[in-house]
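Number of protein chains: 2
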Amino acid sequence: MKILRVKKGEIIQLPNALKHNIIFVKKGLLRMYVVDDKGKEHVYMFAPEGWTLSDFSAIKENRTSNFFIDAIENSLIEIFSKGLGEELPKTTMELTDQTIDLMGRRIATLQDRIIMLLSYTAKERYQQFLLTYPDIVNRVPQKMIATYLGVTPQALSKIRGLK
Amino acid sequence: MKILRVKKGEIIQLPNALKHNIIFVKKGLLRMYVVDDKGKEHVYMFAPEGWTLSDFSAIKENRTSNFFIDAIENSLIEIFSKGLGEELPKTTMELTDQTIDLMGRRIATLQDRIIMLLSYTAKERYQQFLLTYPDIVNRVPQKMIATYLGVTPQALSKIRGLK
DNA sequence: GTTCGACGTTCATCTAGATTAATAAATCTT
DNA sequence: AAGATTTATTAATCTAGATGAACGTCGAAC
């Protein structure tokens, strides 16, 4: 485990990096995203203070990650090179309880996001985002929120214009 | 905990049912889905033998579920009325390990699904589905696969027609 | 302060997929 | 097996949102 200070705009992880990393954000704001074959970015998640980033799919399939991770603000982060949960040393029952709680909340978030992507219009997604992450709205460029919602920056701009 | 035998087509859970249930599928195939305001169904997940169904979002927010659950095949299921993980009696370390592994795999699946919904075309989604769930393809009506993928049944039929 | 690149907005066009509807095929019921 | 119900296919039309491009705005770097 190492503590790192990263600057706004700095890339912390490139796809196919060697190690499966888990990143805990102590201060600042990170972004985890993919870039498709046409070069377009799709934000998987934002991680402000207290959040944890990791690529569960890569860990479970024991492969390298397809995700980029970069800093949206100057940040202070902790990087663990081991997998989450089962690869952690079995210390206290309290720790595994914490892990289960963390994972449960993550699943709840992903579940809500999937229902949103399946059944909401662009406008509804944005309104939901405002309610769910009021703090993040003012900390990230609008175009990143757009790709988090699964729409283009232009479409989001239009939606906001109408209000 | 109770064991239940359910028939094909039978609805196991309606939205706003009283209790947060966790359902383990011993045999058969279930479906978990939402119905939007226009009456359209959106499949959140399929659960064949060995899979577990639960609404983490409802459990975490301590509210009733918005999901329907029904049986696609005659099935044998176990229903637990307690929450997953933290609400389970702390028995063995082995059990919590199992829980963490289960949740990790669920997160990996949801993560992959989100990337798919954000960045794949309808055709790419279907092709990916065929690779990931070859067994399920022949067990569920095509229209359900369509709404799992976030497209209309007509669009999926067209995609298959071209091939 | 000026320059430059990133960001947001606006608009004109295009298109993947939705919608609607009609038909055909498969499945269930008795 | 005949009818009824559900599911899949096909086709014509429509639309939310994508695409591409131009322009104004802002903050960072010099």
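Chains E and W supply the protein sequences, listed in that same order.
Everything in the first sequence is counted per my numbering, starting at 1 for the first residue and increasing by one.
Everything in the second sequence is counted per my numbering, starting at 1001 for the first residue and increasing by one.
We treat Cβ as the ideally placed atom computed from N, Cα and C, and that holds for glycine.
Computed from a prediction, not measured in an experiment: that's the story for all the values here.
Asked	Found
Would you say K26/E and I77/E are within 8 Å of each other, going by their C-beta atoms?	yes
If you pair each beta-carbon of the stretch 51-65 of chain E with each one of the stretch 1098-1111 of chain W, do three or more pairs fall below 8 Å?	yes
Beta-carbon separation of F80/E and M32/E under 8 Å?	no
Return the residue from the list R125/E, T99/E and I23/E that minimises the CA-CA distance to I3/E.	I23/E
Classify M1001/W as buried or exposed, calling it buried when 16 or more other Cβ atoms lie within 10 Å of its own Cβ.	exposed
Could you please give me the residues that DSSP links to R1113/W through a beta bridge?	Looking at the DSSP assignment, R1113/W forms no beta bridge with any residue, so it has no partner.
Out of E1049/W, N1062/W, L1162/W and L1102/W, state which residue places its alpha-carbon closest to the alpha-carbon of D1135/W.	E1049/W
For G949/W, count the other beta carbons within 10 Å of its own beta carbon; 16 or more makes it buried, fewer makes it exposed. Which is it?	Not covered by the structure: residue 949/W. The range shown for chain W is 1001 to 1163.
Against chain W, with Cβ distances strictly below 8 Å, would D112/E count as a contact?	yes
What's the call for P30/E, buried or exposed, on a 16-neighbour Cβ count within 10 Å?	Just to set this straight, residue 30/E is Leu in the shown sequence, not Pro. By the neighbour-count rule (16 or more Cβ atoms within 10 Å), L30/E is buried.
For the stretch 1033-1055 of chain W, which residues have a CB atom closer than 7 Å to at least one CB atom of chain E, in sequence order?	V1034, D1036, H1042 and Y1044
What residue range does the alpha helix (DSSP H) around P153/E cover?	P153 to L162
Expressed to the nearest angstrom, what Euclidean distance is found between the alpha-carbon atoms of D36/E and L1118/W?	10 Å
In this structure, how does DSSP classify A1146/W when only helix, strand and coil are distinguished?	helix
Please name the residue or residues paired with T52/E in a DSSP beta bridge.	F24/E
Just verifying my parser: in three-state terms, what is the DSSP assignment at R31/E?	strand
Which residues in the same chain have their Cβ closer than 8 Å to the Cβ of T140/E, if we skip the five residues on either side of it in sequence?	The sequence given here places Val at residue 140/E; Thr does not occur at that position. So the qualifying residues of the chain are L29, R31, F46 and I72.
Pick helix, strand or coil for D1070/W, following the three-state DSSP scheme.	strand
Do you know how far the Cα of G1009/W is from the Cα of G1039/W?	18 Å
Which whole-angstrom value describes the C-beta separation of T52/E and L102/E, a residue pair presumed to lie in contact below a C-beta threshold of 8 Å?	7 Å
Apart from the five residues on each side of it in sequence, which residues of its chain come closer than 8 Å, Cβ to Cβ, to T152/E?	A146
Could you tell me the distance, in whole angstroms, from the CA atom of H42/E to the CA atom of F1129/W?	20 Å
Closest to Q1127/W by C-alpha separation, out of V1034/W, R1160/W and I1115/W, would be which residue?	R1160/W
Would you identify the three-state DSSP class for V140/E, choosing helix, strand or coil?	coil
Answer yes or no: does any C-beta atom of chain W fall closer than 8 Å to that of E86/E?	Residue placement at E86/E cannot be trusted, given a pLDDT of 48 that sits under 50; the coordinates are not used to answer.
Can you name the residues of chain W whose CB is closer than 9 Å to the CB of A108/E?	D1055, F1056, S1057, A1058, I1059, K1060 and E1061
Looking only at its chain, what residues have a beta carbon closer than 8 Å to the beta carbon of I1137/W, apart from the 5 residues adjacent to it on each side?	For the sequence presented, residue 1137/W should be read as Val rather than Ile. Correct list, in chain order: F1129, L1130 and I1145.
Please report how far the alpha carbon of K1060/W lies from the alpha carbon of I100/E, in whole angstroms.	12 Å
So is T1096/W buried or exposed if we call it buried at 16+ other beta carbons inside 10 Å?	buried
Please classify I1001/W: does DSSP put it in a helix, a strand, or coil?	The sequence shown places Met at residue 1001/W, rather than the Ile named in the question. If DSSP states are grouped into helix, strand and coil, M1001/W belongs with coil.
Roughly how many angstroms lie between the CA atoms of G150/E and V6/E, to the nearest whole one?	27 Å
Can you tell which of S1065/W, N1062/W and Y1148/W has the C-alpha that lies nearest to the C-alpha of M1116/W?	Y1148/W
Among residues of its own chain, excluding the 5 on either side of N1074/W, which ones have a beta-carbon nearer than 8 Å to its beta-carbon?	R1005, V1006, K1007, K1008 and G1028
Give me the Cα-Cα distance between Y120/E and K1143/W, rounded to the nearest whole angstrom.	19 Å
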